Amino acid sequence: MSERPRSSGVTPSPGQPALEIRDLVVRYDKRVAVDGLSLRVEAGEIVGMLGPNGAGKSTALAAVAGAVAPAGGAIAVCGADLAREPLAARSRVGFADQPPALYDFFTVAEHLGFIEECRAGGTPGGAMSDGEGARRALLGELGLAGVADRLCRELSFGMRQRVGLAAALVGGARLILLDETLNGLDPRAAVAAREVLTRAASGGAAILLSTHLLGVAERLCQRIIIIDRGQLKVDLAGEELRALVAGGAGAVEELYLAEVAAADPT
């Protein structure tokens, strides 16, 4: 039996969300990219983040990952405040940005091992370490076993996307942030990625993914949010979301077009 990734042991306390964003504001000079965003994501939840180009989706994900400094608001990951406990908060986050930030002169296996070691606080085989066997199993599940010993710089776009996803998952991260990570995957790879993410959520990880692929959001997510001009416009889950999807093909697209401003963001 393949060795499976172990939990980091870092999970939210009962009633505590995996992610809590309160009144988040991010500015680039005078432009407001995220404008008072508040969002709560529970452990085990898969949330699809939709919105037009320039809506603030990538900026919001980067702020949660600690890669962008907010101008206001607060972010907590599994109860750890990102501003007061940055290392504790970041160690619980797996982030696949766009394009994937890979160490090009590492092999795929070396890249995953290094990311996992960083997440474990620089301790090889530490409490958050899955082990080489589990990493190899994950590569197999994502169709990357054949390129495990290839340099990251040699990979195609789709393979780099899959390596970015794998890096977000290693080390028992409890909050997985994916920025268009499922884009550019061939059908078999897309199915494998959805299966891996569903299993991670079943194990207690919270997943927040930005995507323009409405079909992916419908099939994978238990909750869909729509962001436009840095603000939360729609938040659907449970019976509301099931009723919308049951309305037939194009129902989510119709909602999106009704809620998102037609004009290009400024």
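The numbering of the sequence shown is my numbering, which starts it at 153 and goes up by one. Every residue, glycine too, gets a C-beta built ideally from N, C-alpha and C. Values in this document were obtained by computation on a predicted structure and should not be read as measured data.
Open item on the list: Beta-carbon within less than 6 Å of residue 241's beta-carbon, same chain only, minus the 5 sequence neighbours each way: which residues are those?
Closed with: In the sequence shown, the residue the question calls residue 241 occupies position 89. Excluding residues within five positions, the ones whose Cβ falls inside 6 Å are 229, 232, 234.
Open item on the list: Assuming residue 254 is part of the beta strand (DSSP E), what are its boundary residues?
Closed with: As a first step, residue 254 is located in the sequence shown; it is residue number 102 there, counting from the start. No beta strand (DSSP E) contains residue 254, which DSSP labels as neither H nor E.
Open item on the list: Tell me the residue span of the beta strand (DSSP E) that contains residue 188.
Closed with: The sequence position of residue 188 within the sequence shown is 36, counting from 1. It spans 183-193 - the beta strand (DSSP E) in which residue 188 sits, taken as one unbroken run.
Open item on the list: Pull the bridge partners of residue 287 from the DSSP assignment, please.
Closed with: Residue numbering aside, residue 287 sits at position 135 when the sequence shown is read from its first letter. Bridge partners of residue 287: none, in fact.
TODO: Starting from residue 201, follow its DSSP beta bridges and name the residues at the other end.
DONE: For the purposes of this step, residue 201 is taken as the residue at position 49 of the sequence shown. When DSSP reads this structure, residue 201 sits in a beta bridge with 362, 377.
- [ ] Within its chain, find whatever has a CB closer than 6 Å to the CB of residue 214; leave out the 5 residues flanking it on each side and keep chain order.
- [x] Sequence index remark: in the sequence shown, residue 214 carries index 62 (1-based). Result list for residue 214: 220, in chain order.
Task: Residue(s) in a DSSP beta bridge with residue 268 - done: As a first step, residue 268 must be located in the sequence shown, where it is residue number 116. In DSSP, residue 268 forms no bridge with anything.
- [ ] Taking only the alpha-carbon atoms, compute the straight-line gap between residue 350 and residue 252 and give it to the nearest angstrom.
- [x] Here residue 350 refers to the residue found at position 198 when the sequence shown is read from its first residue. Here residue 252 refers to the residue found at position 100 when the sequence shown is read from its first residue. Between residue 350 and residue 252, the C-alpha separation is close to 21 Å.
Task: residue 238 classed as buried or exposed, judged by whether at least 16 other C-beta atoms fall within 10 angstroms - done: Within the sequence shown, the letter at position 86 stands for residue 238. Counting of Cβ neighbours within 10 angstroms places residue 238 among the exposed residues, the total staying below 16.
Open item on the list: I believe residue 176 touches residue 186 by the beta-carbon criterion, under 8 Å. Please report the beta-carbon distance rounded to the nearest angstrom.
Closed with: Here residue 176 refers to the residue found at position 24 when the sequence shown is read from its first residue. Here residue 186 refers to the residue found at position 34 when the sequence shown is read from its first residue. Confirmed, Cβ separation roughly 5 Å.
- [ ] Please confirm whether residue 246 and residue 361 have their CB atoms less than 8 Å apart.
- [x] Along the sequence shown, read from residue 1 onward, the residue named residue 246 stands at position 94. Along the sequence shown, read from residue 1 onward, the residue named residue 361 stands at position 209. Against a cut-off of 8 Å, the Cβ pair of residue 361 and residue 246 comes out as no contact.
Task: Assigned exposure category for residue 313 - 16 Cβ within 10 Å defines buried - done: Along the sequence shown, read from residue 1 onward, the residue named residue 313 stands at position 161. Label assigned to residue 313: buried.
Task: Per-residue DSSP class, three states only, for residue 389 - done: Reading the sequence shown from its first residue, position 237 is the one you call residue 389. Shown here, residue 389 sits in a strand according to DSSP, grouped into three states.
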